[in-house]
Structure formats: C-alpha cells, structure tokens
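Engineer: Each residue of the sequence shown is one higher than the last, beginning at 139 in the numbering used here. Mind having a look at this structure? Questions to follow.
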Amino acid sequence: MAHQSALISEDILEYLKSQERKSLLRFITCGSVDDGKSTLIGRLLYDSKMIFEDQLSSLESDSKKVGTQGGDMDFALLVDGLAAEREQGITIDVAYRFFSTDKRKFIVADTPGHEQYTRNMATGASNADLAIILIDARKGILTQTRRHSYIVSLLGIKHVLLAVNKMDLMDYDQKVFDQIESDYRAFAADIGLTDITCVPISALKGDNILERGDKLDWYDGPTLMEVLETVDVTTDEKSAPFRFPVQWVNRPDLDFRGFSGTIVSGTIRTGDEIVVLPSAKTSRVKRIVTMSGDLDQAIAGQAVTLSLEDEIDISRGDVICRKENRAELTDQFMAHVLWMDDEHLLPGRPYLIKIGTKTVSGVISSLKHKINVNSLEHEAGKALELNEVGVCNLSLSDQIPYDHYSDIRETGAFIIINRLNNNTVGVGMIDHGLRRAENIHWQALDVDKISRATQKSQKPAVLWFTGYSGSGKSTVANALEKKLFARGNHTYVLDGDNVRHGLNKDLGFTDVDRVENIRRVSETSKLMVDAGLITLVSFISPFRSERRMAREAMEEGEFIEIFINTPLEVCEQRDPKGLYKKARAGEIKNFTGFDSPYEEPDDPELAIDTTDLEPEKAADRIIEYLEEKGYLSS
C-alpha cells in the first residue's frame, strides 16, 4: 500500500483544499558532513506519509543495493538524488522537498555540508524562515557548524532549531546533549542568534522526530515536528513597513493600467497613500486586483496588481511604499558580501547589481575587511575568494530604494552578476547607506563639453590602445599624436608607464591592482574628454570587463578601442624593455601573457598588427578612420 495520506486516494479535491488552508514554512537543514541531514528529511517525508508506493518500493530496493544501514531502510536516499552524492555519501546540490502534516505545509532545503559547497548552502538559506542545524552527538560543534551558523545569522534567519542527532550512538546520554547545547548557545550569542530551540534526536531511529522516544524520557521539551508546526514566522513580515517592488506594468487595454508584483512586507489597503521610489511621486491605491477578484486589503506574500488614482510614470524595478514609511534611497552603501564564484572578486571591476526587480551597474569600490567565519576575526585582504565573506563598500550607477537587511530581507538583499557570462557570482546584505552619497551633488557649470570641443573644432574621444607589452601601443600612439598635433588638434596621451610614475605609483601588477589602475585611468580619461580633448590611452588593459567599464564611462561614440593585434611571440622577440626575458626567468610575477591572462577584444573599432606595419602607417590608418567617422575634418 502507498505510504501517503489516505485523503489523497479518498478525496483528492478535499485534500488540495486542505493544503490551501494551511500555512507554509520554508526551512533548511545544515551542518557538517555526515551529520544526518538527508536522513532527517527522509524520515520526515516517511513519517508524514508523503511517499508514494513506487517511491517506497524504490527506497527499499536502493537501501539494499547502495544503502549504508546494512539493508535496513536508508532514508537519506529519498533526498540524495544525484549519483555522485550516493557514491560519495554526501549532499552536493540543494535538494528541495515538499511535505505536509495536519497543521502546516513545509518546503525543506537539504543543503550541502561540505565546505566546498558553502555557496549552495547560502542559496538554500536565502528564502528560509527557519534553520535546522544538525550536530553529530559524537563530534559536537565543528568548524562547518560554526560556518553555517554564521551564514544563517548573516542571511537573517531568526529561528534556529538545533538538532543534536545520533543520540542513539551515545546511549541517549543527557550529559552529552546538555554540553553541546551549552557550547552552542555560547557561540550563537556572539553572532546574534537568540531564538534557539535545542532538541535531542535520532533521525535514523525516529526518536523525537514526530514522537518521543522511550530512551529520551529525561527530555521534556517539544519534538522536532512540534517546533516546525508551531514556530511563528508571519508576524515579522506583516508588521514591517509596506514594500512592493514592481515586476510588471500591467496594461491589457486602454482602460486599465496597473502594477504587478509580490508584496514582500507589510500590508496595503484601498485608499492608502503611497509613494513611488526613486521618483518620489505620490498617489492613492484605487484597486487591489487579483485573479480571484478585487481585495480591500493585501498582505506580505500575496501577488497582486495595484491600480492607482493618478497617472504616474512607474516601471519595473520601482518600489511602492506607504507614504508615511518609505524606503531609503542611495547609490552607495556598505554591505556584507558572500562570494560564490571560482574567479575571485576584484574591487573596481564592474558588475551588475540586482536588488529586488531592479538591475543597475555597480562596482565594489573597496573591500574593508574579510571575516573569518570560524573565529569571527576581521582580516585584511584585497580580494574575496570562493565562499569568503567580506564587508564592502559598493557604488552604483543609479540610486536604488533599499532597506537595511536586518529590517526587511527582500529590499536589503542583492545579488552580484558577472556582466560577461551573466552568472551570479555573489550575494550581499545591505548594512547601511553611505552618507557621502547623500551629501555630494553635481555642481552646474556654464561652460560644458560641447562648448570646449567647439572651441577646438574637434569631436572629443578616447582612443584606447590595448595589446601585449611590446606590441607597439605607445609607439603608435606617439606617432598618432604628432600627426594630430601638426593638424592643429588638441590631444593628450596617457601612457601606462608614465601614469605609474605618478597617479598610479602605489599600484602593483596583481589582478586587483590592474583593475584599480584602469579604473583611475578611465576616470581621468572621462575628465579629459569633458575638456574637449582627443585622449590617447596606451595601456595593456588585459581584462575585457575593465575595458568595458572604461567604454561605459563615456557617452555613446566617445570610446574607440584600438587593438594592437601583434602576436605574443613577435612581442617577445622585440622585448624592448627586457621584461619577457625576466618573465621567462621567473623574475617578474603577474606578467601578461605568462602567469596573467590577456583577454582579446571581442569587437574593437580597429585592429592593427604591427608585425610588418610601420608606426607611421598605423597612425595614418587611425586618422583615416577618425576622418571617416567624423571625429576629424578631412
């Protein structure tokens, strides 16, 4: 017979209605490797009768073939679905499972315990209301227990259920449980976890999961399931200020215009005054529209469409708030960042920052310090590696509405996206906005870029020369400037070596310093273009993302990428500064083309190979291009 709720076979419609009426709890299981997370979830699925007949049959068969319980039921196999997980006996990916009891519905995320997959654990924790942190009673608190507990605290999960598992292997000794509880509470206090319920269990035997075990008669607290069924996670969302990130402008016909999305916190009623951020335009709620009809009131978690009394320009990414309690606005803030990519975070490198439904360009302007999640000590560093946590300052291209993450998770959290491959590389939690963002304003000036350029009878631009060392960048740029100067044009050359004697003399040649090197030169180039100059920039600039950052700092048509496409072997034969020889001898570290990569431009405006082309001829080709595109008069 199927190991499932009898109501499913007796009256499926009534079963579905009963599920709709129940509240939903999202929780995660986390801890160190082999603490029994998958076994616990398998036991919950089994005991709550959420396993179908074919699943039960498969479980019994798999338990005999690949199980770890000597042929007995191995509940972990219900969750460890990946072949690699079964072979290694560990959880690699985040596995989501649904089950329900008479009182509540549950979505549980079984998150990896191995340190290598900490980023997967953070993914599972991002939407959780409660965390079950498992501890092996034989081992006590381990490094990964502390790491996961810190991330739970960092991600704002307020409710923690500490499950001391495998009590059967310690003869259900109360002293073992009491010592682990005491040690964990002392550690948890240091990271801000206060709502902790400690439960002794045996996931394998089923003790204290749904029912109390006979050998745990010394424990008078709730069972694990009693905690899951009774913990209140709705109060915080409903009492928080109203926040409604606009996901879609709903315009089915000429007579209706509404704004669709999900309420992430608070409540809203028809007639309430609202404000739209960042525009700060105000109105009142005319209708709250759903598929089932209009509502007088909507609360956190509901997907609705708001229709307003006034015609206001609102688009995806805007946030609607109640007028009396609005979110803050900033384009600079400090945040905790968890890095999730194999390629490390580089301050100054441009990324996409997505907060709610809004995506903007941004950079990590500085890494203030890294946090050792084991000792909680602050450590100096220039970059974040995979699974590391750091406190960073971020600067964005536009102002965004936000809340402190500790107040409202949904409007205080963001993800960091690699602009080149669109991968999510990090997650962040906003601590606070930077006051300097509110105190600095553009000063209006009467003489502008157009006036300066008109006076010089030229169209200002940045000619960005990129290529290997020895490719001829500086030589061609020098020849080009002489020709432009002779024509009466106003120019300036920013050369990589020359700039490192002054503006960038404090920077080395690590990836982090290379990014900062280009960031500073980009800002300087932008000022020179604003002055009406034709600016020639000669830098190796090996990374596409930094060259893209320089391009995007300019207005359309002001950035011309010139790839000096001379092969590496030709550059090494020339070796005008003897750098290649030193690199071959191991005397120079982080040398482009050897132990530091060069990323060729995807679509430069010009590509010039100087293998057989004289610098004067190369300069003539660039002038022809500038004349053809209208930068110079012919």
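Quick reminder that beta carbons are idealized off the backbone N, C-alpha and C, glycines included.
Quick test of your reading: Lys277 and Leu162, contact by CB under 8 Å. State the CB separation rounded to the nearest angstrom.
Structural biologist: Counted from its first residue, the sequence shown places residue 277 at position 139. Counted from its first residue, the sequence shown places residue 162 at position 24. Between Leu162 and Lys277 the Cβ distance is about 33 Å, and since that is not below 8 Å, they are no contact.
Engineer: Considering only C-alpha positions, which residue in the set Leu764, Ala441 and Arg638 is nearest to Gly399?
Structural biologist: Against the sequence shown, residue 399 aligns to sequence position 261. The candidate whose alpha carbon is nearest that of Gly399 is Ala441.
Engineer: Within the continuous alpha helix (DSSP H) that includes Pro753, where are the two ends?
Structural biologist: Against the sequence shown, residue 753 aligns to sequence position 615. First-last of the alpha helix (DSSP H) with Pro753: Pro753 to Glu766.
Engineer: With a threshold of 8 Å, are at least 3 pairs of Cβ atoms found where one atom belongs to the region 616-623 and the other to the region 641-659?
Structural biologist: At 8 Å Cβ cutoff, the stretches do not touch.
Engineer: Mind checking who Ile493 pairs with in its DSSP beta bridge?
Structural biologist: Locating residue 493 in the sequence shown gives position 355, counting from the first residue. Per DSSP, Lys496.
Engineer: In angstroms, rounded to a whole number, what distance separates the CA positions of Ser238 and Leu183?
Structural biologist: Start at 1 with the first residue of the sequence shown, and residue 238 comes out as number 100. Start at 1 with the first residue of the sequence shown, and residue 183 comes out as number 45. Distance between the alpha carbons of Ser238 and Leu183: 9 Å.
Engineer: On the three-state DSSP scale, how would you describe Met692?
Structural biologist: If you number the sequence shown from 1, residue 692 lands on position 554. In this structure, Met692 counts as coil in the three-state DSSP scheme.
Engineer: Could you pull out every unbroken alpha helix (DSSP H) segment of at least 4 residues lying fully inside the region 596-647, listed in chain order?
Structural biologist: You should have 611-624 and 634-637.
Engineer: Check for me: the beta strand (DSSP E) holding Ser445 runs from which residue to which?
Structural biologist: In the sequence shown, the residue the question calls residue 445 occupies position 307. Its beta strand (DSSP E) spans residues Ala441 to Leu446.
Engineer: Once DSSP output is grouped into helix, strand and coil, what is the label at Ser238?
Structural biologist: For this step, residue 238 is matched to residue 100 along the sequence shown. Here Ser238 sits in strand by DSSP.
Engineer: Taking the beta carbon of Asp274 as the centre, do at least 16 other beta carbons fall within 10 Å, making it buried, or is it exposed?
Structural biologist: Counting from one through the sequence shown, the residue named residue 274 turns up at place 136. Classification of Asp274: buried, given that the 10 Å Cβ count is 16 or more.
Engineer: Distance check for Leu770 and Leu764, CA to CA, integer angstroms please.
Structural biologist: Working through the sequence shown from its first residue, we reach residue 764 at position 626. Working through the sequence shown from its first residue, we reach residue 770 at position 632. Approximately 6 Å between the Cα atoms of the pair.
Engineer: From the DSSP output, read off the bridge partner residues of Pro793.
Structural biologist: Given a span of 139 to 772 for the chain in the structure shown, any question on residue 793 remains unanswerable.
Engineer: Would Gly396 and His286 be called neighbours here (beta carbons separated by less than 8 Å)?
Structural biologist: Taking the sequence shown and counting its residues from 1, one reaches residue 396 at position 258. Taking the sequence shown and counting its residues from 1, one reaches residue 286 at position 148. The answer is no: Cβ separation not under 8 Å.
Engineer: Do Leu532 and Gly500 have their C-beta atoms within less than 8 Å of each other?
Structural biologist: Start at 1 with the first residue of the sequence shown, and residue 532 comes out as number 394. Start at 1 with the first residue of the sequence shown, and residue 500 comes out as number 362. The answer is yes: Cβ separation under 8 Å.
Engineer: For Lys720, is the classification buried or exposed, using 16 other Cβ atoms within 10 angstroms of its Cβ as the cut-off for buried?
Structural biologist: Counting from 1 along the sequence shown, the entry for residue 720 is found at position 582. Flag for Lys720 reads exposed.
Engineer: Going by DSSP, what residues sit across from Ser377 in a beta bridge?
Structural biologist: If you number the sequence shown from 1, residue 377 lands on position 239. In DSSP, Ser377 forms no bridge with anything.
Engineer: Between Ser291, Lys241, Leu299 and Gly724, which has its C-alpha nearest Lys175's C-alpha?
Structural biologist: Within the sequence shown, numbered from 1, the residue matching residue 175 stands at position 37. Comparing Cα-Cα distances from Lys175 to each of Ser291, Lys241, Leu299 and Gly724, the minimum goes to Leu299.
Engineer: Leaving out five residues on either side along the sequence, give the residues of the same chain with a beta carbon under 7 Å from the beta carbon of Ala591.
Structural biologist: Residue mapping note: residue 591 aligns to position 453 of the sequence shown, counting from 1. Closer than 7 Å at the Cβ level, and outside the excluded window around Ala591, lie Lys597, Pro598 and Gly670.
Engineer: DSSP puts Gly476 in a beta bridge; with which residues?
Structural biologist: As a position in the sequence shown, residue 476 is number 338, starting the count at 1. Per the sequence shown, the amino acid found at residue 476 is Leu instead of Gly. DSSP, once it has assigned bridges, lists Val527 and Val565 as partnering Leu476.
Engineer: Could you check where the beta strand (DSSP E) with Ala723 kicks off and where it finishes?
Structural biologist: For this step, residue 723 is matched to residue 585 along the sequence shown. Where Ala723 is concerned, there is no enclosing beta strand (DSSP E), given that its DSSP letter is neither H nor E.
Engineer: Which of the three DSSP states is assigned to Asp747 in this structure?
Structural biologist: Counting from 1 along the sequence shown, the entry for residue 747 is found at position 609. Looking at Asp747 - three-state DSSP - the assignment turns out to be coil, as it is neither helix nor strand.
Engineer: Do Val475 and Gly528 have their C-beta atoms closer together than 8 Å?
Structural biologist: Taking the sequence shown and counting its residues from 1, the one referred to as residue 475 is at position 337. Taking the sequence shown and counting its residues from 1, the one referred to as residue 528 is at position 390. Their beta carbons are under 8 Å apart, which means Val475 touches Gly528 by this criterion.
Engineer: Does the Cβ-Cβ distance between Gly634 and Ile588 come in under 8 Å?
Structural biologist: On the sequence shown, position 496 is the one that residue 634 refers to. On the sequence shown, position 450 is the one that residue 588 refers to. No, they are not a contact pair.
Engineer: Take the Cβ of Leu307 as the centre, count every other Cβ of all protein chains shown within 10 Å, and call the residue buried at 16 or more, exposed below.
Structural biologist: Walking along the sequence shown from the start, residue 307 turns up at place 169. It is exposed - the Cβ of Leu307 has fewer than 16 other Cβ atoms within 10 Å.
Engineer: Do Ser417 and Glu447 have their C-beta atoms within less than 8 Å of each other?
Structural biologist: Stepping through the sequence shown from its first residue, residue 417 is reached at position 279. Stepping through the sequence shown from its first residue, residue 447 is reached at position 309. No. Outside cutoff.
Engineer: Could you name each continuous alpha helix (DSSP H) segment of 4 residues or more that falls completely within the region 309-350, going from the start of the chain to the end?
Structural biologist: Runs found: 312-328.
Engineer: Just verifying my parser: in three-state terms, what is the DSSP assignment at Ile553?
Structural biologist: Along the sequence shown, one-based indexing puts residue 553 at 415. Three-state DSSP puts Ile553 in a strand.
Engineer: Go ahead and pull the three-state DSSP assignment for Val414.
Structural biologist: Taking the first residue of the sequence shown as position 1, residue 414 is located at position 276. Strand.
Engineer: If contacts are defined as beta-carbon pairs under 8 Å, then Phe784 and Ile672 qualify, I think. What distance do you get, rounded to the angstrom?
Structural biologist: No answer is possible for residue 784: the residues shown for the chain start at 139 and end at 772.
Engineer: What is the rounded straight-line gap between the Cα of Arg464 and the Cα of Tyr489?
Structural biologist: The residue you call residue 464 lines up with position 326 of the sequence shown. The residue you call residue 489 lines up with position 351 of the sequence shown. Using only the alpha carbons, I get a separation of about 27 Å.
Engineer: On the CB-based measure, 16 or more other CB atoms within 10 Å of its CB, does Leu665 come out buried or exposed?
Structural biologist: Working through the sequence shown from its first residue, we reach residue 665 at position 527. With fewer than 16 other Cβ atoms within 10 Å, it is exposed.
Engineer: In its own chain, which residues sit with a C-beta less than 6 Å from the C-beta of Gly227, not counting the 5 before and 5 after it?
Structural biologist: In the sequence shown, counting from the first residue as 1, residue 227 sits at position 89. For Gly227, the predicted structure reports a pLDDT of 42, less than 50, and the residue's modelled location is therefore unreliable. A value from the coordinates is still provided. Same-chain partners within the cutoff: there are none.
Engineer: May I ask you to report which of helix, strand or coil DSSP gives Ile656?
Structural biologist: Looking up residue 656 in the sequence shown gives position 518. Ile656 falls in the helix class under three-state DSSP.
Engineer: Alpha carbon to alpha carbon, how far is Glu433 from Gln537?
Structural biologist: Start at 1 with the first residue of the sequence shown, and residue 433 comes out as number 295. Start at 1 with the first residue of the sequence shown, and residue 537 comes out as number 399. The sequence given here has Leu at residue 433, not Glu. Roughly 32 Å between the two C-alpha positions.
Engineer: Leaving aside the five residues before and after Gly409 along the sequence, list all residues of the same chain whose C-beta is less than 8 Å from its C-beta, in chain order.
Structural biologist: One-based indexing of the sequence shown puts residue 409 at position 271. Arg422 and Val423.
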